[in-house]
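Chemist: Residue numbers (the UniProt record's numbering): 1 to 278.
1) Does the distance from the CB of residue 23 to the CB of residue 173 come in under 8 Å?
2) Residue 246 and residue 103: beta carbons closer than 8 Å?
3) For residue 122 versus residue 75, is the C-beta spacing smaller than 8 Å?
4) Please state whether DSSP places residue 33 in a helix, a strand or coil.
5) Mind reading off the beta-carbon distance from residue 90 to residue 109? Whole number of angstroms is fine, and I expect it under 8 Å.
6) Is the beta carbon of residue 17 sitting closer than 8 Å to the one on residue 177?
7) So is residue 72 buried or exposed if we call it buried at 16+ other beta carbons inside 10 Å?
8) Look up residue 40 in the DSSP assignment and say whether it is helix, strand or coil.
9) Assuming residue 124 contacts residue 141 (C-beta within less than 8 Å), just tell me the rounded distance between them.
10) Which residues mark the beginning and the end of the alpha helix (DSSP H) in which residue 212 is found?
11) The alpha helix (DSSP H) with residue 168 in it runs from where to where?
12) Could you tell me the distance, in whole angstroms, from the CA atom of residue 50 to the CA atom of residue 41?
13) Looking at residue 44: is its Cβ nearer than 8 Å to the Cβ of residue 236?
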C-alpha cells in the first residue's frame, strides 16, 4: 500500500480518480450482492433475467454511442450526470414498492454503473503519463476498488437483516455524494481528450488481425459472462434456496474475494517488469 501512496502523493489528478473510483466501486459492490434478491421479491426468475438483459443491451448501445456523447458534453459532465442520476435512482428504489416504477429506476441504475466505470477508466488513462508504470497504477486502481469489494459483504450482511434492502440502497446513494464532490473538485481539471468513433466492423477486423488482442478479448468475455451469472444468481441461491442468513453470506463472500486484493498489485508489477500488459 505504501507504493500506492507514493504514486498518489503530489498527483492531485490521479488522487481524485482513485478516490472517486473507491466510492463508486464501494456503492456498486454493496448493490451487487442484493440487487437480484431485491428484484426477486417482485418478479419471477424469468422476468428478473429479462430486466438484466434490457439493462445490458441499453448499456451496450450507449457505450457504442459514447464517443459522440463524450466529445459533445465532455467526460466530466458525462460522469456527473450518471452519478447524480444514480443517486436519484437508488433513493427511488429504497422508497418505491410498485413493480412498474421499480423497473425503470433499476435499469437506469444498472446503466449508470457501467457508464461511471467507463468514464473513470477514461480519466485514469488520461492522467497516466509514464507508460512504464501503467501496470502498477492500473492494478493499484483496481485494488483500491477491491478493498471495497471485500468490505461490502460484511456491511450488507449486517444492514439487510430480514430483507431490509432499502438500507443498502440508501447507504449506496450516500457513498456517491463524496464521489460527486471529488469529481467536481479534482476531475474537472483534467484535460479533455478527443474521442474517436470506431466502426463496429472496423473494430472486429482489427481484432481479427491481432491474435493477442483477440485472445484477451475472448478471455475477458468469458470472465464477464461468468461474473454476470454469479452476481445475479449466487446470492439468490444461497439466501432463498440454501437458507443462509445475510450475515453468513457476507462472511462467505468476504473470504472468497480476498485473492482479488492479495494478488492484483503483484500481477501489475510483473506486467511492468517482465510480461508487459496482457
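Each residue gets a CB set at the ideal place from its N, CA and C atoms; glycine is no exception.
None of the values given here were measured: they were computed from a predicted structure.
Modeler: Based on what the coordinates show:
1) As a first step, residue 23 is located in the chain shown; it is residue number 23 there, counting from the start. As a first step, residue 173 is located in the chain shown; it is residue number 173 there, counting from the start. Against a cut-off of 8 Å, the Cβ pair of residue 173 and residue 23 comes out as no contact.
2) Residue numbering aside, residue 246 sits at position 246 when the chain shown is read from its first letter. Residue numbering aside, residue 103 sits at position 103 when the chain shown is read from its first letter. For residue 246 and residue 103, no; Cβs fall outside 8 Å.
3) Residue 122 sits at position 122 when you count from the first residue of the chain shown. Residue 75 sits at position 75 when you count from the first residue of the chain shown. Cβ distance < 8 Å, so residue 122 and residue 75 count as in contact.
4) By 1-based counting over the chain shown, the position of residue 33 is 33. Note: residue 33 maps to coil in three-state DSSP.
5) Counted from its first residue, the chain shown places residue 90 at position 90. Counted from its first residue, the chain shown places residue 109 at position 109. About 6 Å separates the two Cβ atoms, so the contact holds.
6) By one-based count along the chain shown, residue 17 stands at place 17. By one-based count along the chain shown, residue 177 stands at place 177. Contact: no.
7) For the purposes of this step, residue 72 is taken as the residue at position 72 of the chain shown. Exposed: under 16 other Cβ atoms inside 10 Å.
8) For the purposes of this step, residue 40 is taken as the residue at position 40 of the chain shown. In this structure, residue 40 counts as helix in the three-state DSSP scheme.
9) Within the chain shown, numbered from 1, the residue matching residue 124 stands at position 124. Within the chain shown, numbered from 1, the residue matching residue 141 stands at position 141. That belief holds up - the Cβ atoms of residue 124 and residue 141 are roughly 6 Å apart, short of 8 Å.
10) Taking the chain shown and counting its residues from 1, one reaches residue 212 at position 212. 211–236 is the span of the alpha helix (DSSP H), which, as asked, contains residue 212.
11) Start at 1 with the first residue of the chain shown, and residue 168 comes out as number 168. 165–185 is the span of the alpha helix (DSSP H), which, as asked, contains residue 168.
12) Counted from its first residue, the chain shown places residue 50 at position 50. Counted from its first residue, the chain shown places residue 41 at position 41. Cα to Cα, residue 50 sits roughly 15 Å from residue 41.
13) For the purposes of this step, residue 44 is identified with residue 44 of the chain shown, where counting begins at 1. For the purposes of this step, residue 236 is identified with residue 236 of the chain shown, where counting begins at 1. Their beta carbons are not under 8 Å apart, which means residue 44 does not touch residue 236 by this criterion.
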